[in-house]
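Peer 1:
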Amino acid sequence: MSHQPISLLLCALGGEGGGTLTDWLVDTARHAGYAAQATSIPGVAQRTGATTYYLEVFPVPLAELGARRPVFGLNPLPGRLDALVSSELLETGRQIGNGVASADHTLVITSSSRALTTAEKMALGDGRRDDAQLLQLVREHSRAHHVLDMAKLTREAGTVVSAVMLGAIAASGLLPFARADYEAVVGAGGHAKASLRGFGLAYDAVSNQRQQARWVEQVLHGDDEPAAAPVATPAALLTPFPTALHDIVALGHARVAEYQDAAYGQRYLDRLQRVLAAERAGDPAASQAHATTRETARWLALWMAFDDIVRVAELKARASRAERVRREVKAKDGELLRTFDHFKPGAPEFAAMLPLALAQRVLAWDRRRTQKGQAPWALPLKVASHGVLGLLALRALAATKRWRPMGSRFATEQALIERWLAAVERGARADARLGHEIAQCGRLIKGYGSTNERGKDNLLHIVDHLADPARADAATAVAQARQAALADEAGTALDRTLQQHGAAARPLKPQPIRWHHNPRLKKART
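So for the sequence shown, the numbering used here puts the first residue at 170; every next one is plus one.
So, in C-alpha cells, the structure goes:
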C-alpha cells in the first residue's frame, strides 16, 4: 500500500496543555475510525524550552485495512514532516532551525504571539528578536502556513491554548476527520464550553485564511471567477509587479474592478505602477522588499472603493447578504424572515451623485438651512428588502453605479487620492522610509460621513506640512503624526505632534450653534 502516515510535530511551552492536545488528536482519530500513535519529548521549565509531541495518523480508515495495521515512527524525519504546529513564534523558528520543516512538504501552523526568552529579558536594552525575521523564516520553510494570534484567541475564549491549536489543525484540512469528530472529543471533557469556544475561534480564523488563499490562487491562475469576489485579475496584468506583490495587487484590483468596472481597475494598476517606479528609483536594491508599493496597494484599493449610497444599496441587495442574515438570526428552513433596512441619506449623499455644479447648489442650500439653526436635511427611509418592491428599489439604486464617475464626490475623491499618491512618489524617490510612512497614512481614511472627512483632512494636513523630503526628520515626523491621529479622535494629540515638529495645527472648522426651546420651561409658563 502506497499510503504514508500523516506526521505532525506539536510544540507547546510548559503548562499550555500540549499533552492534552495530543490526547485529543489521538482520541479524535479513534473516534473517526483511524489509527494513530503519539510520542513525546519532555522539555524544561517554561520559556527555556518546550515539550514536543510527535503524532502520526494513517490516512486510511481501519475498516478498510481489514486485519492489516500500519507501522508508525517514533520521531520526525528531517524534511519529511507534514505539519509543524506551535503555540509560540520563536519556538516555531527554533524547530525550523532544527531542520524538521521543508518548503515543499511541511504545513506550518503557528501563533504570532511571543513569550520572551531569558536571554531577551537579560539584555540591557531592547533584546527582543525581530518578529518580521521569524515570520519570513516561516514563509521560506513551509509549503503553506497559517499564522494567528493564539494568545489573543485563548483569552477571548477563556480557555487554554491547546484548544485553539486543535481548532487550527482541524480547519487546516490536513487530517481526514470531520469537525464533528473533533468537537465530540473536546465536548466530552471538563471545561468543555470554554474549550469548544477556543476551538471554534481558531477554526474560523484558519478557514477564513484558507478561503482567501483559494481565492488568490484562482486569481493568479486565471480560473473561473471566485465566489468571494466577482472580478478576477488576469495574470498578464500582474506581470509588471514583483511576484511578492501579486497577492495584494490581485486582491486590490479585484476589489476596485468589482466596485466600478474594468477601466477603474486598470486605473488602480496604473497608479500602483507609478508608485513602484518611484520606489525602485529610491531603492534600486529593493532592500525594503517593495514595502511602499505593498502598503499603497492595500490602502489605495480601500480608498478607491469608497462607500456611497450606491455601494450600500449594492451590498444590501446581494443574495449572499440575505443568506448571511438568515445564518445570523439562526432562521430554520421554511421559516419566514422579514428584513427592513433603515436609511437616512442627507444632502451630501445626494449631492455626491450629481455633477459638480448641481452638487454645489444642493450643498449651499443645506448650509443655508444649518446657518439658520435648522438641522441638516435628511430623508429617513425604511425599505423592506425581503419583498419584491424593496429589493427592486435597492437593485435600481445599485444599477446607477455606471453614472458614479460623473458625480461630484467621485471627482473629489480622485483628486485627493492623487495628492496622496504624489506625496508617496516624492517621498519614495527621496527616501525609502519616507515613502513607506506616507503610504501607511492611507489607513487614516476609514468609515463614512464625518469620520471619513476627518481622516482625509488629517492625512492631507500631514502630507502638506510634514512630508517634505527636504526635511531631515520627515519620515519620523510623518510616522509620529500618523500614530497621533489614530490614537486620538478629537485630534488633540495630532495637533500637539504637528506643533512639536514645527508645523501648524489643523485649522478650526466653524460649527453652527443651534438654539432649542426647553419644553419644561414652556410647560411651566402655561
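Using N, Cα and C, we set each Cβ at its ideal position, and we do this for glycine too.
Expressed to the nearest angstrom, what Euclidean distance is found between the alpha-carbon atoms of T569 and Q457?
Peer 2: So the alpha carbons of these two residues sit roughly 42 Å apart.
Peer 1: Taking the alpha carbon of A644 as the point to measure from, which residue in K551, Q429, C610, E658 has its own alpha carbon closest?
Peer 2: Of the candidates K551, Q429, C610, E658, the one whose C-alpha sits nearest the C-alpha of A644 is C610.
Peer 1: Is it true that the CB of V444 sits closer than 8 Å to the CB of A474?
Peer 2: In this structure, V444 does not lie closer than 8 Å to A474 by Cβ.
Peer 1: Taking the alpha carbon of L585 as the reference point, which residue from K499, G262, D633, R602 has its own alpha carbon closest?
Peer 2: It is D633 whose Cα lies nearest to the Cα of L585.
Peer 1: So the beta strand (DSSP E) Y223 belongs to, where does it begin and stop?
Peer 2: Where Y223 is concerned, the enclosing beta strand (DSSP E) stretches over 220-226.
Peer 1: Under 7 Å Cβ to Cβ from R139, same chain only, skipping five residues before and after it: list those, please.
Peer 2: What is shown of the chain runs 170 to 695, which leaves residue 139 out entirely.
Peer 1: Cα separation between L527 and A486?
Peer 2: The straight-line gap from Cα to Cα measures roughly 28 Å.
Peer 1: Could you work out which residue in T408, A326, Q429 is closest to L441 when comparing CA atoms only?
Peer 2: Of T408, A326, Q429, the residue nearest in Cα terms is T408.
Peer 1: For A398, is the classification buried or exposed, using 16 other Cβ atoms within 10 angstroms of its Cβ as the cut-off for buried?
Peer 2: Its pLDDT being 44, under 50, A398 is placed unreliably in this model, and the coordinates cannot settle the point.
Peer 1: Quick one: give me the first and last residue of the alpha helix (DSSP H) that G631 is part of.
Peer 2: This sequence places Ile at residue 631; Gly is not what is there. Element bounds for I631: 618-635.
Peer 1: For V240, which of helix, strand or coil comes out of DSSP?
Peer 2: In this structure, V240 counts as coil in the three-state DSSP scheme.
Peer 1: Run through the DSSP bridge pairs and tell me what H310 is partnered with.
Peer 2: BP columns for H310 are empty, so no partner.
Peer 1: Expressed to the nearest angstrom, what Euclidean distance is found between the alpha-carbon atoms of D393 and A488?
Peer 2: Its pLDDT being 40, under 50, D393 is placed unreliably in this model, and the coordinates cannot settle the point.
Peer 1: For my contact list, L253 and V269 are in at a C-beta cut-off of 8 Å; report their separation, rounded to the angstrom.
Peer 2: About 6 Å separates the two Cβ atoms, so the contact holds.
Peer 1: My output table needs one value for K513: the three-state DSSP class, helix, strand or coil.
Peer 2: Looking at K513 - three-state DSSP - the assignment turns out to be coil, as it is neither helix nor strand.
Peer 1: To the nearest angstrom, report how far apart R598 and I417 are at their CA atoms.
Peer 2: C-alpha separation (whole angstroms): 22 Å.
Peer 1: Between which residues of its own chain and Y617 is the CB-CB distance below 6 Å, once the five residues before and five after are set aside?
Peer 2: If we look at Y617 and ignore the five residues flanking it on each side, its Cβ neighbours are D476.
Peer 1: Does the stretch 557-573 come into contact with the stretch 591-607, if we say contact requires no fewer than three beta-carbon pairs (one atom in each stretch) closer than 8 Å?
Peer 2: No, because fewer than three Cβ pairs between the stretch 557-573 and the stretch 591-607 fall closer than 8 Å, the two stretches do not touch.
Peer 1: According to DSSP, is V481 part of a helix, a strand, or is it coil?
Peer 2: V481: helix per DSSP, three-state reduction.
Peer 1: Touch check for the stretch 321-333 and the stretch 360-367: three-plus C-beta pairs under 8 Å?
Peer 2: Flag = yes, the stretch 321-333 and the stretch 360-367 touch.
Peer 1: In chain order, what residues of the same chain have a beta carbon less than 7 Å from the beta carbon of A674, not counting five sequence neighbours either side?
Peer 2: Around A674: D664, L667, Q668.
Peer 1: Determine, using beta-carbon pairs with one atom in the stretch 302-319 and one in the stretch 171-183, whether at least three such pairs fall under 8 Å.
Peer 2: The stretch 302-319, when compared against the stretch 171-183, does not touch it at the 8 Å Cβ threshold.
Peer 1: Can you give the Cα-Cα distance for A357 and H415, rounded to whole angstroms?
Peer 2: When rounded, the distance between both Cα atoms is 45 Å.
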